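Engineer: Going by the numbering used here, the letters in the sequence shown line up with residues 10 to 376, in that order.
Think of the CB as a built atom: it goes at the ideal place given N, C-alpha and C, for glycine as much as any other residue.
Computed from a predicted model, the values in this text were never measured in an experiment.
For reference, the structure I am asking about is given below.
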Amino acid sequence: MDTFKELNSENTLEFLRAALFSGDSLYFAGAGCSQGLGFPGWGKLIENLVESLTQNQVQNNGLINYLDLALEVKKFLQNTNELQLYHSYLHGRFSVPPRKSGFQKDWPDSNLHRLMLEFPVRSIITTNYDHAFEYYAKEYDKNVHIKTVLPDNEGSVGDFLFGLKDRRNLQSVFHLHGDYERASSIILARDDYDKAYKQNRVVDGQKVIGESLYRKVLWTLLTTRCLIFIGFSLTDDYLNEILKEVCADVWGNFKERHFALVPYDPDKKDLLEAKKAQFLKDYSIQTVFYNEKNYHEELPVLLQWLLAPKPVEERRLITEATAVVEPVAVAESEEIASVSETVTKAGNLDIFEKMKKMNKQAVPSHE
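In structure tokens:
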């Protein structure tokens, strides 16, 4: 029997299915989606940076996390006038997957990406630097035209938000933390995160007070769409801070606004159950567990099960669930257009007030 059926209630799985088929949901994809292709996860990437670019001269001397370790690598290279090596390394590491022995193509087949792209999601937001989603979208549908959106281009961000009102499926991939082709867009080290997400931050030596474009974009997406977190651990301190702030300021009593597909380790049962409760309480995210054994092999199995058509007698629950999911995207044209214009204008922006007006109806529980 599939483990995910034992780990999650039937209602939770059906509400996830309804969200994926609603046409209004977006993926929020993390490194786990690309690791199966051979790309490194965040921690492994930074360990590789230390080893390859500093010959281990930078040490993790009690540093709290990888954000600080990556910053130490950048400082080391700046002091030796070799910062270009940092950008060159990232470009080389994420342009194509590492070629496997005996494999002739630059990109291997990916069952995970194929299944993810079967659902009618509106767009994909990712913290990954690679172009896996762009590649596989074109590989599996030759007629698709995918735009790559970067948050350091305000015009493209506005177009991305405005484009969410278009009922056609996947049209863009939003690289929230940059991509390998544009070194200036990469967010990896502590200073990058501070410039992107802190309210009182220093940019190019100047103190900046107010909400950054990154935060405004996330507020807009989190309060107007149902996000499906996948391949993403949700342990990023800055992202958790933003999620919690939005939940507290906008949603009030809303429940299970978003979903997170999370690997389950029975040896960490108590920790994961506590994390599940925290995601729901603090971030309005309903956790859906799957077995993490054998490099997350059950995640494609879960997606395949969600894609399968349901017998006629079981469709009532899906219909009811869809009716609940649809109000998440209540701002379909004028409101989204207004928000996209607001996000890209300079000045003091009160996104929260607009979002409160757009989200007056509480979403019933998925349990």
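Given this structure, state the Cα-to-Cα distance separating I239 from I133, to the nearest angstrom.
Structural biologist: Stepping through the sequence shown from its first residue, residue 239 is reached at position 230. Stepping through the sequence shown from its first residue, residue 133 is reached at position 124. Using only the alpha carbons, I get a separation of about 11 Å.
Engineer: The alpha helix (DSSP H) with F183 in it runs from where to where?
Structural biologist: Your numbering for residue 183 matches position 174 in the sequence shown. No alpha helix (DSSP H) holds F183; the beta strand (DSSP E) holding it covers S181 to H184.
Engineer: Note down the Cα distance separating E19 from A317, rounded to an integer number of angstroms.
Structural biologist: As a position in the sequence shown, residue 19 is number 10, starting the count at 1. As a position in the sequence shown, residue 317 is number 308, starting the count at 1. Roughly 15 Å separates the two Cα atoms.
Engineer: Using alpha carbons as the reference points, say which of V310, V130 and L281 lies closest to Y273.
Structural biologist: As a first step, residue 273 must be located in the sequence shown, where it is residue number 264. Minimum Cα distance to Y273 is reached at L281.
Engineer: Could you round the C-beta distance between A38 and N137 to whole angstroms and report it? I think they count as a contact, below 8 Å.
Structural biologist: The residue given as residue 38 occupies position 29 in the sequence shown. The residue given as residue 137 occupies position 128 in the sequence shown. Correct: roughly 7 Å between the Cβ atoms.
Engineer: Please classify S193: is it buried, with 16 or more other beta-carbons within 10 angstroms of its beta-carbon, or exposed?
Structural biologist: Counting from 1 along the sequence shown, the entry for residue 193 is found at position 184. That one is exposed.
Engineer: Among the candidates Q64, F142 and T135, whose CA atom is the shortest distance from the CA of L124?
Structural biologist: To locate residue 124, count along the sequence shown from 1; it is residue 115. Selected option, being the one with the closest Cα: F142.
Engineer: I'd like to check one pair, R26 with L312: are the Cβ atoms closer than 8 Å?
Structural biologist: Within the sequence shown, numbered from 1, the residue matching residue 312 stands at position 303. Within the sequence shown, numbered from 1, the residue matching residue 26 stands at position 17. Result no, Cβ atoms of L312 and R26 do not sit closer than 8 Å.
Engineer: Can you look up T89 in the DSSP assignment and give me helix, strand or coil?
Structural biologist: As a position in the sequence shown, residue 89 is number 80, starting the count at 1. Coil at T89, not helix or strand.
Engineer: Hey, how far is the Cα of F13 from the Cα of P107?
Structural biologist: Counted from its first residue, the sequence shown places residue 13 at position 4. Counted from its first residue, the sequence shown places residue 107 at position 98. About 31 Å.
Engineer: In the DSSP output, what is I134 paired with across the bridge?
Structural biologist: By one-based count along the sequence shown, residue 134 stands at place 125. Per DSSP, F37 and F183.
Engineer: With 16 other CB atoms within 10 Å as the buried threshold, where does K83 fall?
Structural biologist: Start at 1 with the first residue of the sequence shown, and residue 83 comes out as number 74. Looking at its Cβ environment, which holds 16 or more other Cβ atoms inside 10 Å, K83 is buried.
Engineer: So which of C42, F183 and V130 has the shortest CA-CA distance to S34?
Structural biologist: Counting from one through the sequence shown, the residue named residue 34 turns up at place 25. Among C42, F183 and V130, the Cα nearest to that of S34 belongs to V130.
Engineer: Assess, as a yes-or-no matter, whether the region 154 to 161 is touched by the region 54 to 61 under the definition of 3 or more beta carbon pairs within less than 8 Å.
Structural biologist: In short, these stretches do not touch, since the Cβ pair count stays below three.
Engineer: A269 bridges to which residues according to DSSP?
Structural biologist: Here residue 269 corresponds to residue number 260 of the sequence shown, with the count starting at 1. For A269, which the question treats as bridged, DSSP gives the partners F238 and T296.
Engineer: By how many angstroms is the C-alpha of Q44 removed from the C-alpha of T232?
Structural biologist: Locating residue 232 in the sequence shown gives position 223, where the first residue counts as 1. Locating residue 44 in the sequence shown gives position 35, where the first residue counts as 1. So the alpha carbons of these two residues sit roughly 29 Å apart.
Engineer: Do L243 and A269 have their C-beta atoms within less than 8 Å of each other?
Structural biologist: On the sequence shown, position 234 is the one that residue 243 refers to. On the sequence shown, position 260 is the one that residue 269 refers to. In contact: L243 and A269 (Cβ atoms closer than 8 Å).
Engineer: What residue range is occupied by the uninterrupted alpha helix (DSSP H) comprising K207?
Structural biologist: Here residue 207 is taken as the residue at index 198 of the sequence shown, counted from 1. Segment: none, K207 is in no alpha helix (DSSP H) and carries neither H nor E.
Engineer: Among H186, Y206 and H267, which residue has its Cα nearest to the Cα of A40?
Structural biologist: Here residue 40 refers to the residue found at position 31 of the sequence shown. Answer by Cα proximity: H186.
Engineer: Comparing C-alpha positions only, which one of T296, F24, E301 and S165 sits nearest to P275?
Structural biologist: Residue numbering aside, residue 275 sits at position 266 when the sequence shown is read from its first letter. P275 has its Cα closest to that of E301, out of T296, F24, E301 and S165.
Engineer: May I ask you to report which of helix, strand or coil DSSP gives K53?
Structural biologist: If you number the sequence shown from 1, residue 53 lands on position 44. In the structure shown, K53 sits in a helix (DSSP, three-state: H, G or I).
Engineer: Determine the closest residue to A146 out of S165, S119 and N162, with distance taken between C-alpha atoms.
Structural biologist: Residue numbering aside, residue 146 sits at position 137 when the sequence shown is read from its first letter. Looking at the Cα atoms, S119 is the closest of the given residues.
Engineer: Quick one: give me the first and last residue of the beta strand (DSSP E) that V432 is part of.
Structural biologist: Nothing can be reported for residue 432, as the shown portion of the chain is limited to 10 through 376.
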